[in-house]
Structure formats: structure tokens, C-alpha cells
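Here the protein sequences line up with chains R and Y, keeping their order.
Residue numbering for the first sequence follows the numbering used here, beginning at 269 and increasing consecutively.
Residue numbering for the second sequence follows the numbering used here, beginning at 11 and increasing consecutively.
The C-beta atom is built at its ideal place from N, Cα and C for all residues, glycine as well.
All figures in this text were calculated on a predicted structure; none of them were measured in a lab.
Notes follow once the structure below has been shown.
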Amino acid sequence: MLIDFFVNPYAKLPLPDPIERLLEKGGITISTWQDEAIALLEEVTGK
Amino acid sequence: MHLLAKQFTFYDNLRDRSISHHLFGHFEENLEILREEIQSKGIVSKNLKDAREYTNTIGQIEIAMLFKKIGFDIELEPRIPRSKKKSDIKIVMGEFAAYIEVRTLHDREGTVVCKTESTIISTINNHPIPTIKDIIIEKTQQLSEHHPGIIAFHLDKIPRTLHIEAAFYEVSKECPIISGMLLYRHYNNHE
Numbered sequence: 269m270l271i272d273f274f275v276n277p278y279a280k281l282p283l284p285d286p287i288e289r290l291l292e293k294g295g296i297t298i299s300t301w302q303d304e305a306i307a308l309l310e311e312v313t314g315k
Numbered sequence: 011m012h013l014l015a016k017q018f019t020f021y022d023n024l025r026d027r028s029i030s031h032h033l034f035g036h037f038e039e040n041l042e043i044l045r046e047e048i049q050s051k052g053i054v055s056k057n058l059k060d061a062r063e064y065t066n067t068i069g070q071i072e073i074a075m076l077f078k079k080i081g082f083d084i085e086l087e088p089r090i091p092r093s094k095k096k097s098d099i100k101i102v103m104g105e106f107a108a109y110i111e112v113r114t115l116h117d118r119e120g121t122v123v124c125k126t127e128s129t130i131i132s133t134i135n136n137h138p139i140p141t142i143k144d145i146i147i148e149k150t151q152q153l154s155e156h157h158p159g160i161i162a163f164h165l166d167k168i169p170r171t172l173h174i175e176a177a178f179y180e181v182s183k184e185c186p187i188i189s190g191m192l193l194y195r196h197y198n199n200h201e
């Protein structure tokens with residue numbers, strides 16, 4: 269089972285922290301854009 | 011397993027059969043746990059009988075199940091307050107409510123580079139990033155302006171997700187209505 273949740277750092281209405289914690293407790297991996305990830309994506313997408 | 015479902019496995023080989031059994035069992039479990047939510051919205055049952063809507067409805071049910079198991083109250087095909095929009099799923103926990111739009115993505119056949127009796131090696135043919143971006147942008151049309159919104163991809167045999175993550179990264183700034191993107195893939199017992 270793969271369950272990944274990618275947070276939108278530009279979201280107008282982000283999920284509240286307790287909800288994010290609940291998702292993690294339910295087995296969902298929460299990811300936020302880290303500098304390294306952005307660098308990797310920019311390398312892949314060429315942007 | 012339902013006898014009718016069992017008929018679909020008659021022509022499978024031994025390995026296929028165990029996969030089919032698992033998937034039918036998993037689907038039956040989903041239908042049982044979401045019985046009330048599905049029965050209260052006739053459109054979901056109707057979509058399960060429509061070949062064009064079937065796979066996206068399966069995705070909708072999978073994602074709804076995921077949140078129900080975590081403890082959220084679920085509504086399928088909810089109307090968005092103060093608008094004419096209708097979303098795929100509403101999740102509620104106490105004062106918190108969010109809307110989810112679901113899309114099932116199927117794998118795309120790659121080019122076969124080597125084939126023997128027992129092995130086929132082929133290239134991976136990912137969905138183009140602009141296609142994924144278009145899907146995300148289209149799906150945002152059904153999200154609420156006043157509640158957090160989630161775009162969920164139900165992945166059918168798609169092995170890699172970096173291109174989907176890249177597409178989301180590219181649209182994340184222009185789509186602040188999206189709180190986040192969920193990638194979900196269910197494996198059978200043999201994967």
C-alpha cells in the first residue's frame with residue numbers, strides 16, 4: 269500500500285496540524301516541499 | 011466471495027486467480043463498510059454499472075474507505091455549500107471538513123525492448139507532466155473555496171510517482187485552493 273500526502277505550501281486553507289497528525293497516525297506519509305526535493309524536481313522537469 | 015464475482019476468475023491462471031480473489035474480496039469489504047454512504051447516493055451505484063465511470067468510482071470508494079478507516083465521517087457526492095458544485099467526497103471530523111476530488115490513473119503500456127517465454131522487459135511510459143497538470147487544474151473546479159481541498163490520485167499499477175509529484179509542484183502555486191495531493195495505490199498480496 270502506498271499512501272503519500274503532499275502538502276501544498278501555497279494553500280489558502282492548509283490542513284490543521286491535528287488533522288495532519290491524524291492522517292500520519294492512519295498510515296499516510298505526509299511530505300512537505302523541502303529544498304532538496306525542489307532541487308530534484310527542478311532537475312527532473314528542467315525548470 | 012459472491013458467486014457472480016467468482017465467475018470472472020474462471021479463465022485466470024493460478025497466480026491471476028489469487029490476485030482476482032484478493033481484489034474481489036477487498037472490493038466487497040469496501041462496499042460492505044461504505045454500504046450506508048453508497049446506498050444514500052444512488053449516483054455511486056449507478057456509476058459502478060457505467061463502464062466510463064467505473065474506474066473513477068472504484069477510486070472514489072477506495073479513498074473514501076481510507077478516510078473512514080482513519081475515523082472521518084464520509085459523504086459521497088456532496089454538494090459544495092454556497093455553490094452549484096458537487097465534489098467526490100466530503101470528510102468531516104468534529105468542526106473540520108474538507109472536500110476531496112478523486113481521479114484514477116491507469117498505467118500506460120511501454121515499448122517492449124525484450125521478450126522471452128517467461129519475461130517481458132518494457133520501458134515505463136509515464137503520463138506526460140502537462141497531462142497530469144491539466145487533470146489537477148480541472149479537478150480544482152469542483153473544490154470548495156471555503157474549505158480545505160484535496161486532490162487524490164488512485165494509482166492503478168503505476169510504479170513510479172515522481173512525474174505526478176513534479177506536476178503537482180508545478181501547479182501548486184497557481185492552485186492555492188488545493189491543500190494537498192494524495193497518492194494512493196493498493197497492492198494485492200503478491201506485490
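{"Query": "According to DSSP, residues forming a beta bridge with Asp166/Y", "Result": "His116/Y"}
{"Query": "Inter-stretch contact (C-beta, 8 Å, three-pair minimum) for the segment 124-131 of chain Y and the segment 66-75 of chain Y", "Result": "no"}
{"Query": "7 Å Cβ cut-off: residues of chain R touching His157/Y", "Result": "Leu281"}
{"Query": "is_contact[Asp285/R, chain C] using C-beta, thresh 8 Å", "Result": "The structure shown contains no chain C; the protein chains it does contain are R and Y."}
{"Query": "Test item: CB-CB of Leu165/Y and Tyr194/Y under 8 Å", "Result": "yes"}
{"Query": "Beta bridge counterpart(s) of Ile84/Y as assigned by DSSP", "Result": "Ile101/Y"}
{"Query": "Short Cβ contact (8 Å threshold) for Glu87/Y with Val112/Y", "Result": "no"}
{"Query": "Contact with chain R by Leu115/Y, beta-carbon distance below 8 Å", "Result": "no"}
{"Query": "Alpha-carbon spacing of Ser182/Y relative to Asn40/Y, whole angstroms", "Result": "31 Å"}
{"Query": "Residues near Ala177/Y in its chain [Cβ-Cβ closer than 7 Å; skip 5 each side]", "Result": "Ile139, Ile142, Lys143, Ile146"}
{"Query": "Proximal residues of chain R, C-beta to C-beta of His196/Y below 8 Å", "Result": "Met269"}
{"Query": "Span of the alpha helix (DSSP H) around Arg195/Y", "Result": "Run containing Arg195/Y: none in the alpha helix (DSSP H); it sits in the beta strand (DSSP E), 190-195."}
{"Query": "Any C-beta of chain R under 8 Å from that of Leu76/Y", "Result": "yes"}
{"Query": "Close Cβ partners of His137/Y (< 6 Å) along its chain, the five nearest in sequence each way excluded", "Result": "none"}
{"Query": "Start and end residues, beta strand (DSSP E) containing Lys56/Y", "Result": "Note, Lys56/Y: premise wrong, no beta strand (DSSP E); alpha helix (DSSP H) at 52-58."}
{"Query": "Close-in-space but distant-in-sequence residues of the same chain around Met75/Y (CB under 7 Å, 5 per side omitted)", "Result": "Asn40, Ile43, Leu44"}
{"Query": "Identified DSSP bridge partners for Lys96/Y", "Result": "Arg89/Y"}
{"Query": "Exposure of Glu201/Y, with buried meaning 16 or more beta-carbon neighbours within 10 Å", "Result": "In this predicted model, Glu201/Y has a pLDDT of only 41, less than 50, meaning its place in the structure is not dependable; the value taken from the coordinates is given anyway. So Glu201/Y ends up on the exposed side."}
{"Query": "Where His116/Y falls, given that 16 or more other Cβ within 10 Å makes a residue buried", "Result": "exposed"}
{"Query": "Contacts that Leu193/Y makes with chain R (C-beta to C-beta distance below 9 Å)", "Result": "Leu270, Ile271, Asp272, Phe273, Phe274"}
{"Query": "N-terminal and C-terminal residue of the beta strand (DSSP E) that Lys125/Y is part of", "Result": "122-125"}
{"Query": "Buried or exposed by the 16-neighbour rule on C-beta atoms within 10 Å, applied to Glu175/Y", "Result": "buried"}
{"Query": "Extent of the continuous alpha helix (DSSP H) run through Thr141/Y", "Result": "139-150"}
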